[in-house]
Amino acid sequence: MQQQILDLNVPPRFDFDSFIPCASTRTALEFAKRCADPADPEKLLYLYGPGGSGKTHLLHAIGRQVAGDAYRIFSCAVMREQDADQLLDEMCDLPVLLLDDLDQLADADQLRFIIWEAFNRQHTAGRPLALAGRPAPRELRNLDEHLTSRLLWGLVAALELSDDRARQQLILKLAHDRQVLLPDDVAAWLLTVLPRDSEALVAACDNLYRAALASGRKITLRLARELFLHHHQTDEGANR
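Everything in the sequence shown is counted per UniProt numbering, starting at 1 for the first residue and increasing by one.
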């Protein structure tokens, strides 16, 4: 059968349909869908867990469900105090307020104020808010204490890194979405060597698909091993 690889430069579509749940993320998926449902009274959600566990994916899914492609995720990790006034204007009057990396907010009074102000305006207007960070709400630092308290009023869900079953489903879904013929032995081997976090797993799979496309070769166990051996040797050389 001829190997088929379509355009891999199209970024993955992070929505509810493409989210592969496992036992440790099902509650987060359920709560995210509730937050995005206009008929559900719960409009506040906080997601927490390690990097790569799917928090940002679910923020995208909520934004897409509520506002189509007209949504924005604000990362607290890159917010600067000198941009505070502009950020407040940009965060207000949105169909949904999405804040990521809440634990990485800089220790600055002006940033604390605008996050609280934007949150309060959105909450008062009855519009959905979804926030994410690595620690549980009570462990967040550099936030207005009123915001920490408010987060506990809404839906709160923890996520953990995907289990092997979910990772296998994600590998197969990636191949299907990109119309790639992925042999069973390659899929099984990838499960043993790929990173556990979903974002790195997606990137590693796409690197394999691109390598096959560039070389005009079918995806085989030999090609997969060659690619990951080369990648490992390149990383070792860079770290010397």
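The beta-carbon is built from N, C-alpha and C at its ideal position, and this holds for glycine as well.
Option in the options with minimal Cα separation from residue i
i, options, result
"I20", "L213, A188, K218 and L159", "L159"
"G54", "I219, A77, F228 and R134", "R134"
"Q86", "I171, A118 and L208", "A118"
"A157", "L129, A70, D109 and A32", "A32"
"C35", "R121, A67 and C22", "A67"
"C92", "T148, D107 and I114", "I114"
"L155", "T220, E30, F16 and D15", "E30"
"H60", "A39, D40, F16 and C22", "F16"
"L191", "R178, D177, L172 and Q179", "L172"
"N120", "S149, N142 and A211", "S149"
"S18", "L94, A211, E90 and Q65", "Q65"
"D69", "G52, L88 and L94", "L94"
"Q179", "A125, D206 and R112", "D206"
"E43", "Q122, A108 and A23", "Note that residue 43 corresponds to Lys in the displayed sequence, not to Glu. Out of Q122, A108 and A23, Q122 has the C-alpha closest to the C-alpha of K43."
"A125", "R141, R225, G52 and P41", "P41"
"D109", "N142, L88, E90 and V78", "N142"
Backbone secondary structure at residue i - three-state DSSP
i, result
"A130", "strand"
"F74", "strand"
"V10", "Note that V10 has pLDDT 41, beneath the 50 cutoff, so the model's placement of it is unreliable and no number is given."
"V156", "strand"
"L151", "helix"
"L161", "coil"
"L58", "helix"
"F119", "helix"
"residue 289", "Limits of the chain in this structure are 1 at one end and 240 at the other, which puts residue 289 out of reach."
"K218", "coil"
"Q82", "helix"
"P137", "helix"
"R34", "helix"
"E226", "helix"
"N239", "Legend: pLDDT at N239 = 49, less than 50; position of this residue unreliable, value from coordinates given subsequently. Coil at N239, not helix or strand."
"D144", "coil"
"I171", "helix"
"R64", "helix"
"E42", "coil"
"A106", "coil"
"A125", "coil"
"T192", "helix"
"A23", "coil"
"D15", "coil"
"V180", "coil"
"C92", "coil"
"D206", "helix"
Presumed contact (8 Å Cβ cut-off) between residue i and residue j, rounded CB distance
i, j, result
"L152", "L131", "At roughly 12 Å, the Cβ-Cβ gap does not stay under 8 Å, so L152 and L131 are not in contact."
"L194", "A204", "5 Å"
"P128", "V96", "5 Å"
"I219", "L229", "Actually they are not in contact, since the Cβ atoms of I219 and L229 sit about 15 Å apart, beyond 8 Å."
"L58", "A39", "At roughly 19 Å, the Cβ-Cβ gap does not stay under 8 Å, so L58 and A39 are not in contact."
"V202", "L174", "6 Å"
"W116", "D144", "4 Å"
"C22", "S162", "5 Å"
Cross-strand partners of residue i (DSSP beta bridge)
i, result
"D100", "S75"
"L47", "A132 and A157"
Inter-stretch contact at 8 Å, needing at least 3 Cβ pairs: the stretch 70-88 / the stretch 159-177: When C-beta atoms of the stretch 70-88 are compared with those of the stretch 159-177, fewer than three pairs fall below 8 Å, so the two segments do not count as touching.
Segment contact, 8 Å Cβ cut-off, at least three pairs: the stretch 45-63 with the stretch 87-104: Because the criterion of three Cβ pairs below 8 Å is met, the stretch 45-63 and the stretch 87-104 touch.
Validate contact between the stretch 63-74 and the stretch 184-204 using beta carbons, cut 8 Å, 3 pairs: Verdict: no, contact absent.
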